[in-house]
Amino acid sequence: MSCRRSTLFLLPVLASVPAMVLAQSPASAPATQAQIEALQTAVQNAQSAGDNAWMLVSAALVLLMTGPGLALFYGGLVRRKNMLGTMMQSFAMMGLVTILWPIVGYSLAFGHGNAFVGGFEHVFLHGVGLTPNKDYGATIPEQTYMIYQLMFAIITPALITGAFAERVKFSGMAVFLSLWSLAVYCPMAHMVWGVGGLLNSTGGKFPSFDFAGGTVVHVTSGVSALVTALYLGKRAGYPKVPMPPHSLTLSFIGACLLWVGWFGFNAGSAVAASALATSAFVNTHFATAAAALGWTVTEWIRNGKPTALGAISGAVAGLVAITPASGFVQPMAALLIGLLAGIVCALMVSMVKMRFGYDDSLDAFGVHGAGGTLGALLTGIFATSLINPVYGSDTSGKLIPTGVIDGHWGQMVNQIAGIAIAWGLSIVGTLILLFVVDKIVGLRLRPEDEAAGMDLSQHGEEAYDLNT
Amino acid sequence: MLKIEAILQPSKLDAVKDALLEAGIEGMTILEARGHGRQKGHTEFYRGREYTVDLLPKVKIEVVVIDNLKERVIQAIIGAARTGRIGDGKIFVSKVDEAIRIRNDERGEAAL
């Protein structure tokens, strides 16, 4: 989330202010300092209004990704008896993470703290008001930034639910993912986006480029998903018993909602209604289309048919892969990133998953873990200072190169550092939490409950009443 | 009285229904069913994973008729449902001992 915003943008406007004042002044007296200040304030207010409008819309769009987007996407992929249980996992995150965020989550992610985690200065939203926090978006109320970031904190643990679908207790899932959001997500968000964070692209020890959460959201959730899938074991009967999706129609709607919501996710990460937001919006759209093509063609060649599930899975893979790159690369690079993501993720969920035999039920790792890692690497390659001069300019006014395409090979070290930390934190943090929660609450469904399905055994209701 | 049961491809239901009405059959029962004969199933792919679906959706039509309508009904069903490919379905004919109209207790052929 680059908080940089080009103030150059404002210069022509400000420069013209005295002239406007002169023209309007009947006595043609020079503008007073007070008049200039009033106009400057008016200009700032106008910019703030535009930025705040876009950021509030973006926050709503990102919430739309979890519910109903992800809930429908995942829900359609499970068997009928687990539909409500799967959707409830996403909805539970909308509730639980929202409650944790103002109490302590936001502070752990965006408080000052140290290089690894934020402090407790903002617990219970202490000091988070309606004025901007210069560190995180100088033109919008800090509460706008806080609520926007909350939506990211919601969807990240919700993504993990795709790995342990159809076999987890609601209570264990709720406790595990709530703790996960504090112990894994918040530190990772702080390292990448927080002031003074280890991987922060402006001032961190390893300035890693992650515009909207390739490592923070997708690598953490995808790798943690793999760990939970391995820890919990396979679904009863997998892979002998067929477990086809019960409604690709619903998954299709969910995937299309994800695509739309992702504009808030990526373009909103400019934290302003700026040209950079446009760049991220365009890149997001291009990569998604290219990835849908990449996955579809890969599948067409391997299995003989272009499937609807392949097309929408490809789109999601493209959205994941472009997430870290969206505010750093040019549109043609976005097309390439998307195409590669579609092909790689298609092979991940078919060849690699089958070879190793783990039951990542809805391919949370194959899409988010693999796509996020690939995207983070490609960001280092295709990032260019022409789009986002995140390293500023040197004394002669020349932009400092950012990615490999600019000639800055060292960026790959930073990207790999970011990826390695995201993998390491996810593996260690997830394993510890799984172990603790399993001992105290229990995670795996009893065999009879798994057979009956989560809808009946966990919630006492059914998604579809076929008798009325 | 005879009961004629026909298991059909779902897509042929409307054609068979029309053919039966044309043959003078006034009532019928239609059931949604799943099953397979020699056709076996088909394969589906989800994210590269192959699934064999062996129970396919079918419809079953049941009509009860007087004995001398047997061939007419059978021919009507065959005429409408046959494609010549595996999976067209089957017809079963069996004897019915009694028919009762619940509304007025009519018995036998009068109840049909």
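Residue numbers (our numbering), protein chains in the order written: chain A, 1 to 468; chain B, 1001 to 1112.
Glycine included, every Cβ here is placed at the ideal spot set by N, Cα and C.
Please name the residue in the options whose C-alpha comes closest to that of residue i.
| i | options | result |
| --- | --- | --- |
| A:G105 | A:L182, A:G429 and A:F211 | A:L182 |
| A:I416 | A:Y145, A:E166, A:D210 and A:G442 | A:D210 |
| A:S457 | A:F281, A:G418, A:E166 and A:G119 | A:E166 |
| A:G222 | A:E448, A:P157 and A:H408 | A:P157 |
| B:E1022 | B:L1069, B:N1104 and B:I1030 | B:L1069 |
| A:V352 | A:I337, A:A370 and A:L309 | A:A370 |
| A:V195 | A:S393, A:A463 and A:V117 | A:V117 |
| A:D360 | A:V168, A:M188 and A:L199 | A:V168 |
| A:Y464 | A:M146, A:M243 and A:S247 | A:S247 |
| A:W409 | A:I421, A:L433 and A:T379 | A:T379 |
| A:H459 | A:P239, A:L433, A:A38 and A:A92 | A:A92 |
| B:I1030 | B:L1020, B:V1053 and B:G1041 | B:L1020 |
| A:L434 | A:M87, A:Q33, A:A174 and A:N45 | A:A174 |
| A:V413 | A:F206, A:R79, A:G397 and A:W193 | A:F206 |
| A:P239 | A:L199, A:I301, A:Y358 and A:W193 | A:Y358 |
| A:M146 | A:T284, A:C186 and A:L179 | A:C186 |
| A:S269 | A:Y148, A:L362 and A:D363 | A:Y148 |
According to the Cβ coordinates, are residue i and residue j closer than 8 Å?
| i | j | result |
| --- | --- | --- |
| A:L377 | A:A341 | no |
| A:T131 | A:S48 | no |
| B:K1058 | B:R1082 | no |
| B:A1080 | B:K1012 | yes |
| A:V441 | A:S171 | yes |
| A:V390 | A:S201 | yes |
| A:I102 | A:L125 | The amino acid at residue 102 of chain A is misidentified as Ile; the sequence shows Pro. In this structure, A:L125 lies closer than 8 Å to A:P102 by Cβ. |
| A:T249 | A:G76 | yes |
| B:E1032 | B:F1092 | no |
| A:G429 | A:V271 | no |
| A:N114 | A:G453 | no |
| B:L1002 | B:D1097 | no |
| A:F188 | A:V227 | According to the sequence displayed, residue 188 of chain A carries Met and not Phe. No, Cβ-Cβ distance for A:M188 and A:V227 is not below 8 Å. |
| A:F281 | A:F263 | yes |
| A:G403 | A:I381 | yes |
| A:F164 | A:A229 | yes |
| A:I322 | A:N266 | yes |
| A:Q296 | A:G310 | Reading off the sequence shown, one finds Thr at residue 296 of chain A, where the question assumed Gln. For A:T296 and A:G310, yes; Cβs fall inside 8 Å. |
| A:G366 | A:C345 | yes |
| B:V1064 | B:A1099 | yes |
| A:S308 | A:L339 | A small correction: the amino acid at residue 308 of chain A is Ala; Ser does not occupy that position in the sequence shown. No, they are not a contact pair. |
| A:Q330 | A:I387 | yes |
| B:G1027 | A:V349 | no |
Among residues of its own chain, excluding the 5 on either side of residue i, which ones have a beta-carbon nearer than 7 Å to its beta-carbon?
| i | result |
| --- | --- |
| A:M255 | Looking at the sequence shown, residue 255 of chain A is not Met but Ala. So the qualifying residues of the chain are F73, I312, A315 and V316. |
| B:Y1051 | T1043 and E1044 |
| A:G469 | Lying outside 1 to 468, the shown extent of chain A, residue 469 of chain A is not represented and no answer is given. |
| A:F476 | Residue coverage of chain A in this structure runs from 1 to 468, which leaves residue 476 of chain A outside it and unanswerable. |
| A:E121 | S107, G111, H112 and G127 |
| A:V123 | I103, V104 and S107 |
| B:P1010 | P1057, K1058 and V1059 |
| A:E462 | D455 and L456 |
For residue i, which residues does DSSP report across the bridge?
| i | result |
| --- | --- |
| A:L399 | A:S393 |
| B:Y1046 | B:R1049 |
| B:I1004 | B:V1063 and B:V1093 |
| B:G1035 | B:L1056 |
| B:I1100 | B:R1107 |
| A:T298 | Paired residue(s): none; A:T298 is not in a bridge. |
| A:V168 | A:R444 |
| B:T1029 | B:E1062 |
Ordered along the chain, which non-local residues of its own chain (more than five positions away) have a Cβ less than 8 Å from that of residue i?
| i | result |
| --- | --- |
| A:S90 | T66, G67, L70, A71, Y74, A158 and T161 |
| A:T144 | N52, M55, L56, A59 and G137 |
| A:L64 | L257, V260, G261 and G264 |
| A:A46 | none |
Between residue i and chain C, is any beta-carbon pair separated by less than 8 Å?
| i | result |
| --- | --- |
| A:S457 | No chain C appears in the structure shown, which is made up of the protein chains A and B. |
Short of 6 Å in beta carbon distance, which residues of its chain neighbour residue i, apart from the five on each side in sequence? Order them along the chain.
| i | result |
| --- | --- |
| A:G372 | G214, H218, V219, G222 and V320 |
| B:D1018 | none |
| A:G203 | none |
(Q) Residues of the stretch 1028-1052 of chain B in Cβ contact with chain A at a cutoff of 9 Å, in chain order, please. (A) E1044, F1045, Y1046, R1047, G1048, R1049, E1050, Y1051 and T1052
Q | Interface positions of the stretch 156-176 of chain A facing chain B (Cβ-Cβ less than 7 Å), listed along the chain | A | none
(Q) At a CB distance below 9 Å, what residues from the stretch 304-319 of chain A approach chain B? Give them in sequence order. (A) G304, K305, T307, L309, G310 and S313
**Q.** the stretch 238-251 of chain A: positions lying closer than 9 Å to chain B by Cβ
**A.** P239, P242, M243, P244, P245 and L248
Q | Where the stretch 342-354 of chain A meets chain B: residues whose CB sits under 8 Å from a CB there | A | A346, V349, S350, M351 and M354
Q: Check each residue of the stretch 282-301 of chain A: if its Cβ is closer than 7 Å to any Cβ of chain B, include it; give the result in chain order.
A: E299
Q. What residues in the stretch 354-369 of chain A bring their beta carbon closer than 7 Å to a beta carbon of chain B?
A. D363
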